[in-house]
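J.: Sharing a structure with you now.
Residue numbers (the working numbering): 5 to 729.
Here it is, written out as structure tokens:
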């Protein structure tokens, strides 16, 4: 029996009428219907599109949806639907995703409803799902759902696809619930985006908001990884081909040709939405018509589908557009022609295809759009004609449709000029532009999009060959065998980024209750010696870990507190630190030039931190500082390290590798040693060449360690399961 693909979206792909349920034929439905026969059964979970307060009516609709359409309804009250959909989703998240923070509205009550509705969806999914099923969550209305599902069902295979853009961090950070929203998505095994730019912005927001290191296509979090990928959605290609072959299409196209005979047609089709740039497009048309002496020979056809009519901004937009269309028609109309034909409503699919096929130009100029399938639909209908596509450079489709004429929708004069030039292009050039794009659009359709995402979701997250669970099991087995045999074991554990997550404020990284419990349990293990080795000062280590009877090594080996002792021993008594004062002057200059950076002066080192600075600017300044300090200290026994959001300068004699070697030489009866760390300073431990030494890198990045664990939480689980489980 094939596994089930459970598709979860805000709306079910149906329209519920009084006496019947009509199935949608949209691109997402077609995409999933195009999956290989017998590979998956599909079910849909979503809102049926209206509030049904009567329980008997809900039961009737739920039964009909389940039996006839494989749909599972999530019923919402009118208050829930309004606050969740029109409120939080479309009045606070939607504007930011589309780079329009001035449209952002937020009410705390909306957030409560958004959480509750996502929780209701999670409960419905968990009632439905079985082992081996896939769950594919769609779009910004359900950004919390992946994490909710992960918490309840850790082994569930979860995918998420964002059908909108994801904006730059500086925009997304405006949202009052920015952290919760991105954290919610990290419950997914794989997140898909239309374009690479959206993926890149998402990674940047995760880094800055959650303080998680990311790779280009992978984000480690909570002991697991979320894979990222780019999947440009396509159209329902078979449906378009079937329609273009129909008699009804040819009849309607001929009717339209006669109705618009002698006119060059420029079409624009979209939802009535402020992100679509309709008013700016009308401004461009005004510029075009004011400079043209052929206003009788051109007709602009706008099809604007009503959308979100309960939201004030959309109501205002409709009035503005209708008023502006009226003004322009009054200004440029003649006895033979009104230049703008405006339809505020939907038109039948066959009519849409006929309009596309007849048009000379499609003017698709959103201010920003996740993909914009109208551009692809127009191209699909250019089977016999040679129309031109004028496309906003801010639409996701602009990355794919390589022969489109790209414009900046904010530059109305340039759009008007482009329109003039496009109308003058010879037929052969237009054909050479459109045919290669049509071939791509028809090949990489919605079915290809769905198959690509699902295949990648099934293949699992991308990982380093050394991070596979089998390798970690190997380490665990070696250690357990040594423990069972009563052998002495040394654990050399870094603190920040290894035992404990890194915090923007270093003093905020005190041991949590979970870390304290783990350390206490490790301290109770016979024949296991714990040595915490850190770059922190001895005062900080005493404050954080002084209550444990462990050996503590501070400042990468500059000082040591023996097990069960209270006094610290300086190991750097013969080290000269005269260089500190001179180099401190340079660090002060960088502190002054980099807002958010600070200097920490320790006994054996000086550190320039940029945890609170802008990440990109801080990293750039850190690179400059590292190069400058390295050049100045090249002939001195001084080590310059560019670590995690800091640059540290210390004496070369003080390093963790030497400290570990010293402990092992003084206690040569250890039969197994394990070193774990996350930063460049820990590499000196990993480079040691000693028998029975296991090395573990915690986190991403190049390393000499033999093994790798994704993050501190997973490392703590490893220690707990290996030594105390």
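Ideal placement from N, C-alpha and C gives every residue a C-beta, glycine not left out.
Considering only DSSP beta bridges, list what residue 701 is partnered with.
T.: By 1-based counting over the chain shown, the position of residue 701 is 697. Paired residues: 681, 712.
J.: Mind the definition here: the stretch 285–297 touches the stretch 405–425 only if three or more C-beta pairs lie below 8 Å; say whether that holds.
T.: They touch, by the three-pair rule.
J.: Would you decide whether residue 472 is buried or exposed? Buried here means 16 or more other CB atoms lie within 10 Å of its CB.
T.: Numbered from 1 along the chain shown, position 468 holds the residue referred to as residue 472. Any reading at residue 472 needs caution, since the residue's pLDDT is 42, under 50, leaving its predicted position unreliable; the model's value is listed next. So residue 472 counts as exposed.
J.: Skipping 5 residues on each side, what residues in its chain have a beta carbon closer than 6 Å to that of residue 579?
T.: Here residue 579 corresponds to residue number 575 of the chain shown, with the count starting at 1. So the qualifying residues of the chain are 655, 657.
J.: According to DSSP, simplified to helix, strand and coil, what is residue 183?
T.: Here residue 183 is taken as the residue at index 179 of the chain shown, counted from 1. Of the three classes helix, strand and coil, the one that applies to residue 183 here is helix, per DSSP.
J.: Closest to residue 347 by CA distance: which of 254, 359, 682, 523 is it?
T.: Taking the chain shown and counting its residues from 1, one reaches residue 347 at position 343. Considering only alpha carbons, the answer is 359.
J.: Return the CA-CA distance between residue 699 and residue 679, expressed in angstroms with no decimal places.
T.: Position 695 of the chain shown holds residue 699. Position 675 of the chain shown holds residue 679. If you take the alpha carbons of residue 699 and residue 679, they lie about 5 Å apart.
J.: If you compare alpha carbons, which of 645, 493, 279, 351 is closest to residue 106?
T.: Position 102 of the chain shown, counted from the start, is the residue given in the question as residue 106. Per the Cα distances, 279.
J.: Just how far apart, CA to CA, sit residue 615 and residue 594?
T.: The count along the chain shown starts at 1 and reaches residue 615 at position 611. The count along the chain shown starts at 1 and reaches residue 594 at position 590. Between residue 615 and residue 594, the C-alpha separation is close to 14 Å.
J.: Please classify residue 560: does DSSP put it in a helix, a strand, or coil?
T.: Stepping through the chain shown from its first residue, residue 560 is reached at position 556. Note: residue 560 maps to helix in three-state DSSP.
J.: Quick test of your reading: residue 636 and residue 612, contact by CB under 8 Å. State the CB separation rounded to the nearest angstrom.
T.: Taking the first residue of the chain shown as position 1, residue 636 is located at position 632. Taking the first residue of the chain shown as position 1, residue 612 is located at position 608. Not confirmed; about 14 Å, so no contact.
J.: With which residues is residue 504 paired in a DSSP beta bridge?
T.: As a working mapping, residue 504 is identified with position 500 in the chain shown. Residue 504 is bridged to 500.
J.: Less than 8 Å between the beta carbons of residue 453 and residue 144, yes or no?
T.: Along the chain shown, read from residue 1 onward, the residue named residue 453 stands at position 449. Along the chain shown, read from residue 1 onward, the residue named residue 144 stands at position 140. Cβ distance not < 8 Å, so residue 453 and residue 144 don't count as in contact.
J.: Measuring CA to CA, which of 189, 518, 388 is closest to residue 721?
T.: Mapped onto the chain shown, residue 721 falls at position 717. If we check each option's Cα against that of residue 721, 518 comes out closest.
J.: Quick one: which unbroken alpha helix (DSSP H) runs of 4-plus residues sit fully inside the stretch 104–163? Chain order, please.
T.: 112–132, 149–156, all fully within the stretch 104–163.
J.: Between residue 336 and residue 329, what straight-line distance do the alpha-carbon atoms span, to the nearest angstrom?
T.: What you label residue 336 is simply residue 332 of the chain shown in a count that begins at 1. What you label residue 329 is simply residue 325 of the chain shown in a count that begins at 1. Distance between the alpha carbons of residue 336 and residue 329: 11 Å.
J.: Got a sec? Which residues, its chain only, sit under 7 Å from residue 123 by beta carbon, not counting five neighbours each side?
T.: As a position in the chain shown, residue 123 is number 119, starting the count at 1. So the qualifying residues of the chain are 152.
J.: Alpha carbon to alpha carbon, how far is residue 207 from residue 648? Give it in angstroms, no decimals.
T.: By one-based count along the chain shown, residue 648 stands at place 644. By one-based count along the chain shown, residue 207 stands at place 203. The alpha-carbon atoms of residue 648 and residue 207 are separated by roughly 17 Å.
J.: Identify, in the order they occur along the chain, each residue of the same chain with its Cβ nearer than 7 Å to the Cβ of residue 522, setting aside the five sequence neighbours on each side.
T.: The sequence position of residue 522 within the chain shown is 518, counting from 1. Hits under 7 Å: 720, 723, 724.
J.: Short of 6 Å in beta carbon distance, which residues of its chain neighbour residue 585, apart from the five on each side in sequence? Order them along the chain.
T.: Numbered from 1 along the chain shown, position 581 holds the residue referred to as residue 585. No residues qualify anywhere along the chain.
J.: Would residue 125 and residue 475 qualify as a contact pair, given that the criterion is a beta-carbon distance under 8 Å?
T.: Stepping through the chain shown from its first residue, residue 125 is reached at position 121. Stepping through the chain shown from its first residue, residue 475 is reached at position 471. No, the Cβ-Cβ distance between residue 125 and residue 475 is not below 8 Å.
J.: Please say whether residue 210 and residue 12 have beta carbons closer to each other than 8 Å?
T.: Here the question's residue 12 lines up with position 8 in the chain shown. Here the question's residue 210 lines up with position 206 in the chain shown. No, Cβ-Cβ distance for residue 12 and residue 210 is not below 8 Å.
J.: Given this structure, state the Cα-to-Cα distance separating residue 507 from residue 212, to the nearest angstrom.
T.: Translated into the one-based positions of the chain shown, residue 507 becomes position 503. Translated into the one-based positions of the chain shown, residue 212 becomes position 208. Taking the straight line joining both Cα atoms gives about 12 Å.
J.: Quick one: what's residue 537 bridged to in DSSP?
T.: As a first step, residue 537 is located in the chain shown; it is residue number 533 there, counting from the start. Its beta-bridge partners are 557.
J.: From what residue to what residue does the alpha helix (DSSP H) around residue 440 run?
T.: Taking the first residue of the chain shown as position 1, residue 440 is located at position 436. Residues 431–447.
J.: Measuring only the C-alpha atoms, how far is residue 102 from residue 349?
T.: Taking the chain shown and counting its residues from 1, the one referred to as residue 102 is at position 98. Taking the chain shown and counting its residues from 1, the one referred to as residue 349 is at position 345. When rounded, the distance between both Cα atoms is 23 Å.
J.: Go to residue 424, then tell me how far its alpha helix (DSSP H) extends in each direction, as first and last residue.
T.: Within the chain shown, residue 424 is the residue found at index 420, counting from 1. Note, residue 424: alpha helix (DSSP H), 416–427.
J.: Secondary structure at residue 224, three-state DSSP: helix, strand or coil?
T.: Here residue 224 refers to the residue found at position 220 of the chain shown. It is a strand residue.
J.: Three or more C-beta pairs closer than 8 Å, one from the stretch 113–121 and one from the stretch 82–91: is that the case here?
T.: A contact exists between the stretch 113–121 and the stretch 82–91.
J.: Leaving out five residues on either side along the sequence, give the residues of the same chain with a beta carbon under 6 Å from the beta carbon of residue 690.
T.: Sequence index remark: in the chain shown, residue 690 carries index 686 (1-based). So the qualifying residues of the chain are 699, 708, 709.
J.: With 8 Å as the threshold, decide whether the Cβ of residue 545 is near any Cβ in chain B.
T.: Among the chains of the structure shown, chain B does not appear; only one protein chain is present.
J.: Does the count of Cβ pairs from the stretch 308–321 and the stretch 444–459 closer than 8 Å reach three?
T.: Contact between the stretch 308–321 and the stretch 444–459 is absent, because fewer than three Cβ pairs lie under 8 Å.
J.: Which first and last residues belong to the beta strand (DSSP E) in which residue 396 is found?
T.: Residue mapping note: residue 396 aligns to position 392 of the chain shown, counting from 1. Unbroken beta strand (DSSP E) run through residue 396: 392–396.
J.: Take residue 73 and list the residues in its own chain whose beta-carbon comes closer than 7 Å to its own, dropping the five residues that flank it on each side.
T.: In the chain shown, residue 73 corresponds to position 69, counting from 1. Within the same chain, residue 73 has close Cβ partners 18, 25, 27.
J.: Contact defined as beta carbons within less than 8 Å: I believe residue 395 pairs with residue 401. What is the distance between those atoms, to the nearest angstrom?
T.: Counting from 1 along the chain shown, the entry for residue 395 is found at position 391. Counting from 1 along the chain shown, the entry for residue 401 is found at position 397. About 6 Å separates the two Cβ atoms, so the contact holds.
J.: What whole-angstrom Cβ distance do residue 97 and residue 179 have, given they're in contact under 8 Å?
T.: Position 93 of the chain shown, counted from the first residue, corresponds to residue 97. Position 175 of the chain shown, counted from the first residue, corresponds to residue 179. Yes, residue 97 and residue 179 are in contact; Cβ-Cβ is about 7 Å, under 8 Å.
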